[in-house]
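Structure first, then comments.
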Amino acid sequence: HTDKPRRGFIQGLMATAAGAALAAPALARPVAAAAPAVILDSAKWAPRNRELIAALIAKHGITSKSYNPQRKPYAVFDWDNTSIMNDCEEALLMYQINQLAFKLSPAEFSAIVRQNVPAG
């Protein structure tokens, strides 16, 4: 009967397709290259703070087993008198005044500086 070779071919084809379907998710996953360890420059960090930040990066960063590139972690730090000494807004304003480094035309700057200032 000629049905047996055709049936064997179809069964083999189905088995191959099923095997490919089962293997596809594993094959489709990108191979995770070993990410280099993040080394935090010691700069002027207090040693304990540097250790804590490095541990936080290791736990949640790109080298973490739970890292998800679709939900990249981030950290928020207070800046004034925490990350740097003194007030950064005031320091930036003083720099801009001393260097005349404004991204405004003189007319725009004049209008903004006088905005909501009572006459007199």
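With mature numbering (1 follows the signal peptide of the UniProt record, and there is no 0) applied, the sequence shown corresponds to residues -28 to -1, 1 to 92, in that order.
Using N, Cα and C, we set each Cβ at its ideal position, and we do this for glycine too.
Under DSSP, Asp52 forms a beta bridge with Ile56. Look at Lys31 here: in three-state DSSP terms it is helix. Assigned with DSSP and collapsed to three states, Ile84 falls in helix. Nearest to Ala18 by alpha-carbon distance, out of Gly33, Ile56, Gln42, Val85, is Ile56. In this structure Leu28 is in contact with Ala47, their Cβ atoms being roughly 7 Å apart against a cut-off of 8 Å.
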